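Line by line, the protein sequences are chains A and B. Residue numbers for the first sequence, in the numbering used here: 1 to 110. Residue numbers for the second sequence, in the numbering used here: 1001 to 1118.
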Amino acid sequence: TQLLEQSPQFLSIQEGENLTVYCNSSSVFSSLQWYRQEPGEGPVLLVTVVTGGEVKKLKRLTFQFGDARKDSSLHITAAQPGDTGLYLCAAAWGNNRLAFGKGNQVVVIP
Amino acid sequence: NAGVMQNPRHLVRRRGQEARLRCSPMKGHSHVYWYRQLPEEGLKFMVYLQKENIIDESGMPKERFSAEFPKEGPSILRIQQVVRGDSAAYFCASSPSVGTGAWGTEAFFGQGTRLTVV
Chain A
1 TQLLEQSPQF
11 LSIQEGENLT
21 VYCNSSSVFS
31 SLQWYRQEPG
41 EGPVLLVTVV
51 TGGEVKKLKR
61 LTFQFGDARK
71 DSSLHITAAQ
81 PGDTGLYLCA
91 AAWGNNRLAF
101 GKGNQVVVIP
Chain B
1001 NAGVMQNPRH
1011 LVRRRGQEAR
1021 LRCSPMKGHS
1031 HVYWYRQLPE
1041 EGLKFMVYLQ
1051 KENIIDESGM
1061 PKERFSAEFP
1071 KEGPSILRIQ
1081 QVVRGDSAAY
1091 FCASSPSVGT
1101 GAWGTEAFFG
1111 QGTRLTVV
């Protein structure tokens, strides 16, 4: 079973549109991270959310941690082609391991 | 400041050969993690090492796989007698220290080694 479920798996939108992707779990986490991975590259950390209900902004990206610290969302405003990539959520568990979701593949069409 | 360096970027091995993947963590980082990424499966934890110690190898297959992080030199992930199912992207990550009870410290990933077994 997957600890973190990400939805939708694949999303294609036009440049300028907004989008939201989700990361859900039945477990409670002390923190949750979002990464972006481009083809042929490693994941790059975007943000870490720690407090239930926390909202963090990174330019046009808005990250929210659920009040119960079981889920998170990523909202992109006015998406641009450069936002294309695989967005991964990850949570620490056990002995400093990271558990990853399968990712949200986002494609922004110019 | 160089990031996490992995080499080779691409590695092709015939079934039965050995694969050695190298990872040099970021300067000042003493914690190294290896992950494997298979299509449709996402990133899976394999092993967590500190200098000269394996801290957690719960994600490592029981046979053929081993990892080390010597006092000097890079961390090595070694796969003996490779099979086609070992074909995947292998990523190394490093962090400077352990977070307080959770992953409180940022971890940085390398670009990965793409292993193809033919």
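Where is the CB? At the ideal position from N, CA and C, for every residue including glycine. Just so we're clear, the structure is a prediction, and the values are computed from it rather than from any experiment.
Is the separation between the beta-carbon of residue i and that of residue j shorter than 8 Å?
i, j, result
"Ile-38(A)", "Gly-85(A)", "A small fix is needed here, since residue 38(A) is Glu in this sequence, not Ile. A contact, by the Cβ cut-off of 8 Å."
"Arg-97(A)", "Phe-1069(B)", "no"
"Cys-89(A)", "Gln-33(A)", "yes"
"Ser-1075(B)", "Leu-1049(B)", "yes"
"Phe-63(A)", "Lys-56(A)", "yes"
"Phe-1108(B)", "Val-1032(B)", "no"
"Val-28(A)", "Ala-92(A)", "no"
"Thr-1113(B)", "Pro-1039(B)", "no"
"Phe-1091(B)", "Gly-42(A)", "yes"
"Ile-76(A)", "Leu-4(A)", "no"
"Ala-78(A)", "Gly-16(A)", "yes"
"Lys-1071(B)", "Lys-1051(B)", "yes"
"Leu-46(A)", "Arg-36(A)", "yes"
"Cys-1023(B)", "Gln-1037(B)", "no"
"Arg-1020(B)", "Arg-1078(B)", "yes"
"Val-108(A)", "Gln-80(A)", "yes"
"Ser-30(A)", "Thr-48(A)", "no"
Interface residues of chain B around residue i at Cβ under 7 Å?
i, result
"Glu-41(A)", "Gln-1111"
Do you know whose CA, among the options, lies nearest residue i's CA?
i, options, result
"Val-106(A)", "Gly-82(A), Phe-100(A), Ala-91(A), Ala-92(A)", "Gly-82(A)"
"Gly-53(A)", "Gly-66(A), Gly-42(A), Lys-59(A)", "Gly-66(A)"
"Val-1118(B)", "Ser-1024(B), Asn-1053(B), Asp-1086(B)", "Asp-1086(B)"
"His-1029(B)", "Arg-1020(B), Leu-1077(B), Pro-1096(B)", "Pro-1096(B)"
"Ser-72(A)", "Gln-14(A), Cys-23(A), Ser-12(A)", "Cys-23(A)"
"Gln-1125(B)", "Gln-1006(B), Leu-1043(B), Lys-1062(B), Ala-1089(B)", "Because chain B spans 1001 through 1118 in this model, residue 1125(B) falls outside it and cannot be assessed."
"Gln-9(A)", "Arg-1013(B), Glu-1041(B), Tyr-1035(B), Gln-1017(B)", "Glu-1041(B)"
"Asn-1053(B)", "Met-1060(B), Leu-1043(B), Ala-1067(B)", "Ala-1067(B)"
"Leu-1043(B)", "Ser-1058(B), Gln-1111(B), Ala-1089(B), Gly-1073(B)", "Ala-1089(B)"
"Arg-1015(B)", "Val-1082(B), Ala-1093(B), Ile-1055(B), Asp-1056(B)", "Val-1082(B)"
"Gly-1110(B)", "Gly-1059(B), Val-1012(B), Val-1047(B), Trp-1034(B)", "Trp-1034(B)"
"Ser-1058(B)", "Val-50(A), Val-21(A), Ala-99(A)", "Ala-99(A)"
"Arg-1013(B)", "Arg-1084(B), Ala-1093(B), Ser-1094(B)", "Arg-1084(B)"
"Ser-1094(B)", "Gly-1073(B), Val-1047(B), Pro-1025(B)", "Pro-1025(B)"
Output, in chain order, the set of chain A residues within a Cβ distance shorter than 7 Å of residue i.
i, result
"Gly-1042(B)", "Phe-100, Gly-101, Lys-102, Gly-103"
Would you mind telling me which residues of chain B sit closer than 9 Å to residue i, beta carbon to beta carbon, in chain order?
i, result
"Arg-97(A)", "Tyr-1033, Phe-1045, Tyr-1048, Asp-1056, Ser-1058, Gly-1059, Trp-1103"
"Leu-88(A)", "Gly-1042, Leu-1043"
Starting from residue i, find everything on chain A with Cβ-Cβ shorter than 8 Å and list it in chain order.
i, result
"Phe-1091(B)", "Gly-42, Pro-43"
With DSSP as the reference, please indicate the residues paired to residue i in a beta bridge.
i, result
"Thr-20(A)", "His-75(A)"
"Val-113(A)", "Residue coverage of chain A in this structure runs from 1 to 110, which leaves residue 113(A) outside it and unanswerable."
"Arg-1078(B)", "Arg-1020(B), Ser-1066(B)"
"Ala-92(A)", "Leu-98(A)"
"Val-1117(B)", "Arg-1013(B)"
"Gly-1003(B)", "Bridge partners of Gly-1003(B): none, in fact."
"Gly-82(A)", "For Gly-82(A), which the question treats as bridged, DSSP gives no partner whatsoever."
Is residue i near the ligand ATP, judged by its Cβ being under 7 Å from some heavy atom?
i, result
"Glu-1040(B)", "Among the components modelled here there is no ligand, and therefore nothing to report on the ligand ATP."
*beta strand (DSSP E) runs contained entirely in the segment 1011–1060 of chain B, provided each spans 3 or more residues*: 1019–1024, 1031–1038, 1042–1050, 1053–1056
*Hey, which unbroken runs of the beta strand (DSSP E) at 3 residues or more fall wholly within the segment 16–72 of chain A?*
19–24, 32–37, 44–49, 55–58, 61–65
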